[in-house]
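A.B. asks: Can you keep this structure in mind? I'll have questions shortly.
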Amino acid sequence: MASRPTPYLDDLNPAQREAVEAMDGPVLMLAGAGTGKTKALTTRIAHLLVMGKARPNEILSVTFTNKAAREMKERVGRLLGETVEGMPWMGTFHSICVKLLRRHAELIGASDRNEVIEGRPQLHLKSNFTILDTDDQIRLMKQLIEANGMDVKRWPARMLSGIIDNWKNRAWTPHQVPTSEASAFDGRGVELYDQYQRRLLELNAVDFGDLLLHVVTIFQQHPDVLAQYQRWFRYVLVDEYQDTNVAQYLWLRLLASGHKNICCVGDDDQSIYGWRGAEVGNILRFEKDFPGAKVVRLEQNYRSTHHILAAASGVIAGNKGRLGKTLWTESQDGEKVRLIGHWDGEEEARWIGEEIEAMQRGTRGNDRMSLDSMAILVRASHQMRSFEDRFLTIGLPYRVIGGPRFYERMEIRDAMAYFRLAVSQDDDLAFERIVNTPKRGLGDKAVQTIQKMARSNGVSLIEGARLCVESGLIKGKGGKALGELVQGLDRWHSQLLAESDTHIEVAEQILDESGYTTMWQNDKTPEAPGRLENLKELIKALENFDNLQGFLEHIALIMDNDSEDAEEKVSIMTLHAAKGLEFPAVFLPGWEDGLFPSQRSMDESGVKGLEEERRLAYVGITRAEQICTISFAANRRVYGQWQSQLPSRFIDELPEENVDVLTPPGLYGGGYGAAGMSASASPAYAMRSANTIEQRVQKADVYNSPGWKRMQNQSQKRGFAQPNESRGLTIDATATSSFTIGDRVFHQKFGYGEVMEIEGDKLAIEFDKAGSKKVVAKFIVPAEN
Ligand code: ATP
Ligand code: MG
Numbered sequence: 023m024a025s026r027p028t029p030y031l032d033d034l035n036p037a038q039r040e041a042v043e044a045m046d047g048p049v050l051m052l053a054g055a056g057t058g059k060t061k062a063l064t065t066r067i068a069h070l071l072v073m074g075k076a077r078p079n080e081i082l083s084v085t086f087t088n089k090a091a092r093e094m095k096e097r098v099g100r101l102l103g104e105t106v107e108g109m110p111w112m113g114t115f116h117s118i119c120v121k122l123l124r125r126h127a128e129l130i131g132a133s134d135r136n137e138v139i140e141g142r143p144q145l146h147l148k149s150n151f152t153i154l155d156t157d158d159q160i161r162l163m164k165q166l167i168e169a170n171g172m173d174v175k176r177w178p179a180r181m182l183s184g185i186i187d188n189w190k191n192r193a194w195t196p197h198q199v200p201t202s203e204a205s206a207f208d209g210r211g212v213e214l215y216d217q218y219q220r221r222l223l224e225l226n227a228v229d230f231g232d233l234l235l236h237v238v239t240i241f242q243q244h245p246d247v248l249a250q251y252q253r254w255f256r257y258v259l260v261d262e263y264q265d266t267n268v269a270q271y272l273w274l275r276l277l278a279s280g281h282k283n284i285c286c287v288g289d290d291d292q293s294i295y296g297w298r299g300a301e302v303g304n305i306l307r308f309e310k311d312f313p314g315a316k317v318v319r320l321e322q323n324y325r326s327t328h329h330i331l332a333a334a335s336g337v338i339a340g341n342k343g344r345l346g347k348t349l350w351t352e353s354q355d356g357e358k359v360r361l362i363g364h365w366d367g368e369e370e371a372r373w374i375g376e377e378i379e380a381m382q383r384g385t386r387g388n389d390r391m392s393l394d395s396m397a398i399l400v401r402a403s404h405q406m407r408s409f410e411d412r413f414l415t416i417g418l419p420y421r422v423i424g425g426p427r428f429y430e431r432m433e434i435r436d437a438m439a440y441f442r443l444a445v446s447q448d449d450d451l452a453f454e455r456i457v458n459t460p461k462r463g464l465g466d467k468a469v470q471t472i473q474k475m476a477r478s479n480g481v482s483l484i485e486g487a488r489l490c491v492e493s494g495l496i497k498g499k500g501g502k503a504l505g506e507l508v509q510g511l512d513r514w515h516s517q518l519l520a521e522s523d524t525h526i527e528v529a530e531q532i533l534d535e536s537g538y539t540t541m542w543q544n545d546k547t548p549e550a551p552g553r554l555e556n557l558k559e560l561i562k563a564l565e566n567f568d569n570l571q572g573f574l575e576h577i578a579l580i581m582d583n584d585s586e587d588a589e590e591k592v593s594i595m596t597l598h599a600a601k602g603l604e605f606p607a608v609f610l611p612g613w614e615d616g617l618f619p620s621q622r623s624m625d626e627s628g629v630k631g632l633e634e635e636r637r638l639a640y641v642g643i644t645r646a647e648q649i650c651t652i653s654f655a656a657n658r659r660v661y662g663q664w665q666s667q668l669p670s671r672f673i674d675e676l677p678e679e680n681v682d683v684l685t686p687p688g689l690y691g692g693g694y695g696a697a698g699m700s701a702s703a704s705p706a707y708a709m710r711s712a713n714t715i716e717q718r719v720q721k722a723d724v725y726n727s728p729g730w731k732r733m734q735n736q737s738q739k740r741g742f743a744q745p746n747e748s749r750g751l752t753i754d755a756t757a758t759s760s761f762t763i764g765d766r767v768f769h770q771k772f773g774y775g776e777v778m779e780i781e782g783d784k785l786a787i788e789f790d791k792a793g794s795k796k797v798v799a800k801f802i803v804p805a806e807n
């Protein structure tokens, strides 16, 4: 077998080759983005097979996603020139652990209190266990907290779940939680953790964190089982090693501690899961735990052009405490990283859509590019909405990777169900969806009663519900809540018919009055703020339609629009989901302080969070092969409020010589050509179309926002043309910064007044009605006349 040809080795550089050919013993490959770590790892698998070192099912190979595992399998096949069958142990930590745990479930039990009979605890897990989702997990914890006489308002289940997940990530069973944690959850954390684990056993269930924890426990308590797998898995390989948590590391160490044939590849600069318990320290531990490990460093980047690589290196250089690496590329300078500021998020989406179409047509000065070769990487998933909407409008095929598309998300579907019912009271499916969301104490039985009533009277579910309430068939708390729901639906329906309020106002009322918004406000899951944000996004999307009906039709069409996957599509995904991937052209929108870096990371006292965000920026830029475009908006709607945004601090960290600042559309003379903008997207247009005072304040605001100014300064510094005032770029915009004492002005909240004093950007104003106030200049517009 060893005599088989190994042509694939010729495609590697000497360092990669060293890592591939050092088949036995521990190997740590520590290298920057795009240096061929994954390629080396894949080739190593092929080489082990070719050299007869292991059969496909004797290789344990951990990848970051199931998709990555599939791709790796295909690549190994290509290297060998044949399809590889039977690599069952190539997958994510979780997928591999599920398999292991199903085989040995009965070894997991409530150990200490339990008698062990015939090698297994009395109360034990069975191999057909269910895996709980977060909702189930929370519900269970809530019951336990209440059963322990604690106030769930003060001590919410979400908090407990965060604590327990964290302990599980560290591979601590209830008895292993150290005393330093004793005060957790009002001093009851450990006790509740123990009860929770016991309850899971009774239910024959595990949660996500248990998958690893249980397998580690089995390996630790049953040396015979461990020994069996140590023999079985002759080689262990791990990609994206920098994102392993302690439990995962322990698991790997246990499995590899016999033969020590373990190869880990990673990049400390790409560690982006610290918030989920990943520890970069695992990289440092490796050399200690596996003395004599061969440490391979790769420095040549094969993915990106010089400018892209230099921009990424410039940003990551801002982090302290790095292991430090040099990266170089033989590829051409290529295009500089493009930086562009926009008016607002919608314009950003419009511009990117046009850019993508131009690249696809080949009218951008590049060769024609396929949509598959382009990706938009966002920091927060709520950013996806404006892209999805825009692309649907212009008919640009896209796919959302690693998460449901905006309109398929739970909270959006719930909200839409309410809207549908307000429009049409016959929509029974919508009624079923929301009748007990938020919880109204209407269980399955109540719903069946309503259905029966509706059927026997030949009416809709709403009418059925009304009859149930009126006849007293559904009573008590549930009956009252149902009555209120029916009344609400009637009210919203007639509001829409009467057109007394706009459809947007009615939609907002629906979400408030139904208790749906409150439900998410009270929810303490990490996802809840994102869901609230998505609901705001939904309301924002309504602005493009005259009525709710038109909007719902638009969405119905979208949902039906799920075209064949073989079609070329632009990819939209979060930066986290983009790890390990590469695309010829990458768009990185929303580089604004508070969005990226996230507000949370900026609010933290230390630099830890910020450094993780910076690594995320590094991951983002290094996904690009040829074209990398970073953008930000001067104005963005956050939680329904327009906010003037500051460009991300990471933008300042991009080395000037590697960046091309594109002309912000419409602001500078001749700007449209460069950016390929249509006049309709220009700020001047937006200003003309801004018809309420409020909108004008907001729009004028953009030009006075620190963000826009910084953008101008950066352009100036880089030698761009100055704003062309004669383009009609709005008196309002420039006038706001040049008030003089005595000017008559208008403020959205305080009304008309007169400027009394000017102090920097603050004005003391004597308002006609509101008296004297100090306000920031940007919230003021000159009064007509
Ligand atoms: P990341 O850190 O982003 O996961 P990586 O180090 O895993 O990156 P790969 O994805 O393996 O990098 O490789 C990046 C690109 O470089 C791929 O397109 C790969 O095919 C190519 N490549 C890797 N090694 C070589 C080589 N020796 N010669 C030519 N191309 C290579
Ligand atoms: Mg990789």
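Residue numbering for the sequence shown follows UniProt numbering, beginning at 23 and increasing consecutively. All residues carry an ideal CB built from backbone N, CA and C; glycine is no exception.
Kindly list the residues whose CB is nearer than 7 Å to the CB of glutamate 530, restricted to its own chain and excluding five residues on each side of it in sequence; keep chain order.
C.D. replies: Ile561
A.B. asks: Can you give me the start and stop residues for the alpha helix (DSSP H) that histidine 69 sits inside?
C.D. replies: Taken as a continuous stretch (DSSP letters only), the alpha helix (DSSP H) holding histidine 69 covers 59–72.
A.B. asks: Enumerate in chain order the residues of its own chain whose CB-to-CB distance from tyrosine 420 is below 6 Å, with the five nearest sequence positions on each side excluded.
C.D. replies: Phe413, Lys591, Val592, Ile594
A.B. asks: The beta strand (DSSP E) that contains residue 14, what's its start and end?
C.D. replies: The first residue shown for the chain is 23 and the last is 807, placing residue 14 beyond what the model contains.
A.B. asks: For ligand 1, I want to know if threonine 540 counts as a neighbour, meaning its beta carbon is within less than 7 Å of at least one of the ligand's heavy atoms.
C.D. replies: no
A.B. asks: Would you list, in sequence order, the uninterrupted beta strand (DSSP E) runs of no fewer than 3 residues that lie entirely inside the stretch 602–651?
C.D. replies: 605–610
A.B. asks: Would you kindly work out how many angstroms separate the C-alpha atoms of glycine 417 and methionine 112, rounded to a whole number?
C.D. replies: 38 Å
A.B. asks: Is the beta carbon of threonine 60 within less than 7 Å of some heavy atom of ligand 2?
C.D. replies: Yes, ligand 2 has a heavy atom inside 7 Å of this Cβ.
A.B. asks: Does the Cβ of arginine 176 have 16 or more other Cβ atoms within 10 Å, making it buried, or fewer, making it exposed?
C.D. replies: exposed
A.B. asks: Since serine 395 contacts alanine 607 with CB under 8 Å, what's their CB separation in whole angstroms?
C.D. replies: 6 Å
A.B. asks: Around the C-beta of isoleucine 715, are 16 or more other C-beta atoms found within 10 angstroms, so that it is buried, or is it exposed?
C.D. replies: With a pLDDT of 34 at isoleucine 715, under the threshold of 50, the modelled position of this residue cannot be trusted; read the value that follows with caution. Classification for isoleucine 715: exposed.
A.B. asks: For phenylalanine 230 and threonine 685, what's the separation of their Cα atoms in angstroms?
C.D. replies: Note on geometry: alpha-carbon atoms of phenylalanine 230 and threonine 685 lie some 48 Å from one another.
A.B. asks: Tell me the DSSP secondary structure of histidine 281 in three-state form.
C.D. replies: coil
A.B. asks: Identify whether isoleucine 496 lies in helix, strand or coil by the three-state DSSP scheme.
C.D. replies: Coil at isoleucine 496, not helix or strand.
A.B. asks: From glutamine 665 to valine 797, what does the alpha carbon distance come to, in whole angstroms?
C.D. replies: 16 Å
A.B. asks: Just to check my reading of the structure: leucine 233 and valine 258 have Cβ atoms closer than 8 Å, yes? What is that Cβ distance to the nearest angstrom?
C.D. replies: Between valine 258 and leucine 233 the Cβ distance is about 18 Å, and since that is not below 8 Å, they are no contact.
A.B. asks: If you draw a straight line from the C-alpha of valine 719 to the C-alpha of isoleucine 802, how long is it?
C.D. replies: With a pLDDT of 37 at valine 719, under the threshold of 50, the predicted position of this residue should be treated as unreliable, and no value is reported.
A.B. asks: Take alanine 476 and list the residues in its own chain whose beta-carbon comes closer than 7 Å to its own, dropping the five residues that flank it on each side.
C.D. replies: Ser482, Leu483, Glu485, Gly486
A.B. asks: Helix, strand or coil: which one does DSSP assign to residue 12?
C.D. replies: Residue coverage of the chain in this structure runs from 23 to 807, which leaves residue 12 outside it and unanswerable.
A.B. asks: For methionine 595, name the three-state secondary structure that DSSP assigns.
C.D. replies: strand
A.B. asks: Assuming the contact rule is C-beta atoms closer than 8 Å, leucine 101 and threonine 64 should be a hit. Round their C-beta distance to whole Å, please.
C.D. replies: 7 Å
A.B. asks: Note down the Cα distance separating residue 4 from alanine 269, rounded to an integer number of angstroms.
C.D. replies: Any property of residue 4 remains undetermined from this structure, which presents the chain solely from 23 to 807.
A.B. asks: Is the beta carbon of glutamine 159 within less than 7 Å of some heavy atom of ligand 1?
C.D. replies: no
A.B. asks: Would you call arginine 26 buried or exposed, if buried means 16 or more other Cβ atoms sit within 10 Å of its Cβ?
C.D. replies: By the Cβ-count criterion, arginine 26 is exposed, with fewer than 16 other Cβ atoms from all chains shown falling within 10 Å of its own Cβ.
A.B. asks: Taking its Cβ as the centre, do 16 or more other Cβ atoms sit within 10 Å of histidine 197, making it buried, or is it exposed?
C.D. replies: Within a 10 Å sphere around the beta-carbon of histidine 197 sit fewer than 16 other beta-carbons, which makes this residue exposed.
A.B. asks: In terms of residue numbering, what span does the alpha helix (DSSP H) encompassing alanine 92 cover?
C.D. replies: Before going on, a small fix: residue 92 reads as arginine here, not alanine. Residues 88–102.
A.B. asks: Just to confirm, is the Cβ distance from isoleucine 185 to phenylalanine 151 under 8 Å?
C.D. replies: no
A.B. asks: State the Cα-Cα distance for the pair alanine 68 and valine 98, rounded to the nearest angstrom.
C.D. replies: 6 Å
A.B. asks: Roughly how far, in whole angstroms, is the beta-carbon of leucine 50 from the beta-carbon of valine 317, given that I think they are within contact range, below 8 Å?
C.D. replies: That pair is a contact at about 5 Å.
A.B. asks: For leucine 272, does the three-state DSSP call read helix, strand or coil?
C.D. replies: helix
A.B. asks: Using a threshold of 7 Å, is the CB atom of glycine 642 nearer than that to any non-hydrogen atom of ligand 1?
C.D. replies: For ligand 1, not one heavy atom lies less than 7 Å from the Cβ of glycine 642.
A.B. asks: Roughly how many angstroms separate the alpha carbons of glutamate 128 and threonine 415, rounded to a whole number?
C.D. replies: Note on geometry: alpha-carbon atoms of glutamate 128 and threonine 415 lie some 54 Å from one another.
A.B. asks: Can you tell me where the alpha helix (DSSP H) holding serine 117 begins and where it ends?
C.D. replies: Run containing serine 117: 115–126, per the alpha helix (DSSP H) assignment.
A.B. asks: Please confirm whether histidine 236 and valine 228 have their CB atoms less than 8 Å apart.
C.D. replies: yes
A.B. asks: Verify whether the separation of the beta carbon atoms of glutamate 634 and serine 670 is less than 8 Å.
C.D. replies: no
A.B. asks: If we count the other Cβ atoms within 10 Å of its Cβ and call it buried at 16 or more, is proline 313 buried or exposed?
C.D. replies: The residue in question, proline 313, is exposed, as its Cβ has fewer than 16 Cβ neighbours within 10 Å.
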